[in-house]
Every structure is written in C-alpha cells, then in structure tokens.
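In what follows, a single structure is set out as structure tokens and then discussed.
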Amino acid sequence: MPALPLPATRRGFLRSAAATAAAFPAVLRAAAPNAAVQVAVVGVNARGYADLHSTASHRAVRYVGFCDVDEAAFARADKDHPGTRHWADYREMLRDLGDRLDAVIVATPDHMHAPVAVAAMQRGKHVFCQKPLAHTVWECRQMRLWAEKGNLVTQMGNQIHSAVEYRLATRLLRSGVIGKVREVHSWVAVAGNERTCLLEPPTEPAPVPAGLNWDLWLGAAPARPYSPGIYHPFAWRDWQDFGGGALGDFGCHILDPVFTGLGLTAPLSVVAENSGVNRHIWPTNETVRYTFPGNELTAESTLKVTWADGGLRPDRKLAGLPAHLDLPRSGSLFIGERGNMVLPHVGGPRLYPEENFQGFAYPKDVKAVNHWHSWVDGILARTRTSAGFHYAADLAETVQLGNIATRLSRRAMITRGTRKADDQASVLRWDAAALRFPGQPAADALLTKTYRRGFEVPAA
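In terms of our numbering, the sequence shown has 387 at position 379, counting the first letter as 1, and numbering is strictly consecutive.
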C-alpha cells in the first residue's frame, strides 16, 4: 500500500493533512487473532518491561518478538520469556513476523512512538502505546486516524486511567457531587529539565557503549553525537527533540480524569508562561492555561483548565482545605458550585470544605480494571477500549498544544546562561477540525516536525 511521506514544509503539511481517503482507498482490517494473541514489544526496558510483564499475565498472550536498540535491555524480558526472538530495528521485526504477529506494544522514547505505532497499524496490528501517545500534535492525530482506518483495537499506556482512584473521581464528577465545575487546576512536582540541567546539547562525541545502536536510538530525531547520561536511557525527556518535558511526561496521567470526568475533547485556546526555554530544552517550570468549550457538566459556556509543573501549584485556599492539610505535591483540584474535589496523583478523591459533605458516602461499587488485559480482551472481542486512540488522541493533542504554547512563550529566553527579555505570551486560538492555529503561522510550524529519512510518519 502506498504511503504519503510527511512533508517538511508548511504548504506540504497542509496538503497532506487534507489528503486522506483518496490516497488510501482501501480500509485496512485487522488480521484475525492467531490461536493466541501474538504480541511483539518495541522497547523492553523500564516502562516497556512493566507493560510486557503486565500484559503477559493474560492467558491469551504469547510473545513472538522483542525489539530494542540496546542489547542490555533484553535480560529481564528474556528471563521471563526465554526463546523470544530479538531485533534491534522495529521495521525488520514487522517485516519478518508478518501475519504471525497480531499486536504491538510500543514503549520507546516519545519521539519514536508514532513511527513505530503507525508502521504497525499500517500492517493491521493492534497497538498499545505508552503515553503521551506521540511527540507532536500532528502525530497524535495520525495515530487516531490510522487506528480508525484499520478498525484496530488500541490503548494508551496511561494505566492510572483504569485505577480505582481515578475511576472513583470520574464517577463523582459525572454524578454532580460537587455540582457543575467552574474551573480546574492540575499540577505535577516534576520539573521539565531536572535530569541534566543543561541548556544545549553537548557537542563533543563520546564512545557509544557496546550493544547500543545509537543511529536507531536517534531514529526520527536530528542526528547528534552520543553523550553518556545525557539522553539514553532516561534523561531524554529534558530535550525537545526526544520528549515533552514535565507536561509530556505526566499530562496524559493527571489530565486524564479531567478529560474523562468532564467529557472534554479539544481546547479552544492555550497560553503559557515559564521559567525560560530555548529550542533544545524544556523549562524548569511552566504554567499552561487552556480554555475548553463548556458542556452540561460545567458551570459556564467555557471551562478554564490550568496546568503547572516544576513545583508550582494553586493556592491551597482555593480548595477550602482545613488548616492542617495542604494540597498534594501532584494532582488536580476541581472547583464546583457545591464544593471542591482534590484528586492526588495517585490517591483517592477528597471533598472540601468538609462541612459541605457531612454524611456523604463514597460509592463502594467502583473497582479497578486491568488496563493491559482490557486491551487484550478488546482484541479478542473486537471491542473498543476506554483509553483507545479515539479518546487518547484528544488528550495527547491537548498536552502537545501546551508544549507548543510553552515553546512560543519567552522563546529563546535562555542561551548559554544568559537571559533575554521576552514579549508577553500571546493566546493561541486552536481550530481542532482544521488542525491549525488560525492566523498564527509560528504556532502552526510547531504542529509537526521534519523526520530523518527512513523514520517518516505517513499521513492517514
């Protein structure tokens, strides 16, 4: 089947975003599962190992392939599943396994989520992909479109979506316990550049460790020399070319009950301020303010949702907490007409002021769901999961819209330790249907990116 290469120019980007059915007249259908659901994993260390381990407990799962660019990453997975074939290159693995493969787990660094996941979906494979789903807004949209085109069962790896704490919070919001919601504050204690604290990438090359394929690790990202401890295996989130900072890391977790509980989709606008960024790093802290369309669960025609990270959080007085309590280090505050709900990350929801909820009994029938098994069960039954790409794409797009606002606010403020005066941040108006910021070309340019040859993401 032909694939549309992602255009490097803005004009080409607009053309490809509009060109869909004409280029792909045939709708893909997922291959019927084999006797077992035969699964491959791309990225088998850290979060990838946790995903493969949790998925493996489903009786129907059989692993047929492990892929990682670092040979050292295979040890734990091999111990649990001896004899599973290895690959370094996901493209070779997909080609070699062919119809013997039903589904793929993607747990690479963020910049490779979409290249791997879309390559799998093009071949009719069901996909479980770690949050934040993709690295750019455009990629998030293509992930949803490819899943729809192939009639595929998908799930984003924001596993707390299925935890009892978040499911209970969602129940309380949807049942109107605090009344219609006036505004929401969400925050995380993590800072966006706390792992390396560098302002720019190192330029001096260092020897690449034995067993690490540095070219494949870079994948779609711009080439640069290997530097120990700066990117692989964990510090890549600090860098705009690879991760999404604190918002990219935790937004799809902490904003998930906001979306699920209040039925949100795409924001109308976004604006950000931060401690300073350049084109390489994420800021130490930031505040991102979204405006969403209101609905039957909100008090007004629009809803304000404020994100903060790097230790920033709202004033505890907003929550109506008793004097001996403080807001959690990370979580959300929902301000309603009848009272407020504080939802820690991860913890059970609590209602304030306490006098407003005397005698309130929290529901006892809310239970956790196995996030990984839900995906496998969906493959077997051909049913949609609650965190499938039909839902996750809107959430992930919102996260990446916040990162665009951050990159444009105080743009190029930090350069090798010097600070430059910045213009006041402007509000970015978002047209989700058209996939653009009307009249704001600088923001439009950040919706997508240029890929290294061989790692492009084709438009659906």
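Just so it is clear, CB atoms sit at the ideal spot from N, CA and C, and this is done for glycine as well.
- The beta-carbon separation of Ala-197 and Thr-414, rounded to 18 angstroms, does not stay under the 8 angstroms limit for a contact.
- By the neighbour-count criterion, in which a residue is buried when 16 or more other Cβ atoms sit within 10 angstroms of its Cβ, Asp-88 is exposed.
- In chain order, Ala-307 and Ile-343 place their CB closer than 6 angstroms to the CB of Arg-190, counting only its own chain and leaving out the 5 sequence neighbours on each side.
- Beyond the five residues adjoining it in sequence on each side, Val-112 comes within less than 6 angstroms, by CB distance, of Ala-48, Ala-128, Lys-133 and Val-135 in the same chain, given in chain order.
- Secondary structure within the segment 258-289: the beta strand (DSSP E) runs of 3 or more consecutive residues, fully enclosed, are 277-282 (chain order).
- In the same chain as Cys-148, and ignoring 5 residues on each side of it, the C-beta atoms closer than 7 angstroms to its own belong to Leu-141, Ala-142, Ala-401, Ala-404, Glu-405 and Gln-408, in chain order.
- The beta-carbon separation of Pro-123 and Phe-463, rounded to 5 angstroms, stays under the 8 angstroms limit for a contact.
- The C-beta of Thr-162 has 16 or more other C-beta atoms within 10 Å across all chains shown, which makes the residue buried.
- Taking all protein chains in view, the Cβ of Phe-300 is crowded by 16 or more other Cβ atoms within 10 Å, so the residue is classified as buried.
- In terms of CA proximity to Gly-219, Ala-81 leads the group Asn-303, Gly-328 and Ala-81.
- Contact between Met-101 and Gly-73 holds, since their C-beta atoms are separated by about 5 angstroms, short of 8 angstroms.
- In its chain, beyond the 5 residues on either side, Pro-213 have a beta carbon closer than 6 angstroms to the beta carbon of Pro-233.
- Close CB contacts of Ala-442 within its chain, under the 6 angstroms cut and outside five residues either way in sequence, are absent.
- For Glu-156, the three-state secondary structure derived from DSSP is helix.
- Cβ atoms of Leu-416 and Ala-451 come within 8 angstroms of each other, at about 6 angstroms.
- In the three-state reduction of the DSSP assignment, Ile-113 falls in the strand class.
- Around the beta-carbon of His-121, 16 or more other beta-carbon atoms lie within 10 Å, marking it buried.
- In the displayed model, Ser-382 falls within a helix according to three-state DSSP.
- Secondary structure of Arg-190 (DSSP, three-state): strand.
- DSSP places Lys-457 outside both helix and strand once states are collapsed to three, so it counts as coil.
- Taken in chain order, the complete beta strand (DSSP E) segments of 3 residues or longer contained in the segment 78-129 are 111-114.
- For Ser-340, the beta-bridge partners assigned by DSSP are Ser-194 and Leu-351.
- Here Ala-316 carries a strand assignment [DSSP, helix/strand/coil].
- Going by DSSP, Val-135 is part of the beta strand (DSSP E) stretching over 134-137.
- Counting only the Cα atoms, Thr-310 lies some 43 angstroms from Ser-65.
- Note on geometry: alpha-carbon atoms of Pro-265 and Thr-92 lie some 37 angstroms from one another.
- In the DSSP assignment, Tyr-399 falls outside any beta strand (DSSP E) and within the unbroken alpha helix (DSSP H) covering 397-416.
- Taking the CA atoms as reference points, Glu-345 sits about 16 angstroms from Gly-269.
- Per DSSP, Leu-60 is one residue of the alpha helix (DSSP H) stretching across 55-64.
- By the beta-carbon neighbour count (other beta carbons within 10 angstroms, threshold 16), Asp-76 is buried.
- Using a C-beta cut-off of 8 angstroms, the segment 201-210 makes contact with the segment 235-255, since at least three inter-stretch Cβ pairs fall below that distance.
- Counting along the chain, Val-69 sits inside no alpha helix (DSSP H); it lies in the beta strand (DSSP E) bounded by residues 69-75.
- Sorting Leu-436, Gly-165 and Ser-340 by C-alpha distance to the C-alpha of His-193 places Ser-340 at the top.
- Burial state of Gly-158 is buried, judged by a 10 Å Cβ sphere holding 16 or more other Cβ atoms.
- Sorting Val-354, Leu-272, Lys-139 and Arg-70 by C-alpha distance to the C-alpha of Leu-176 places Val-354 at the top.
- Trp-438 sits in coil when the DSSP states are folded into three classes, being neither helix nor strand.
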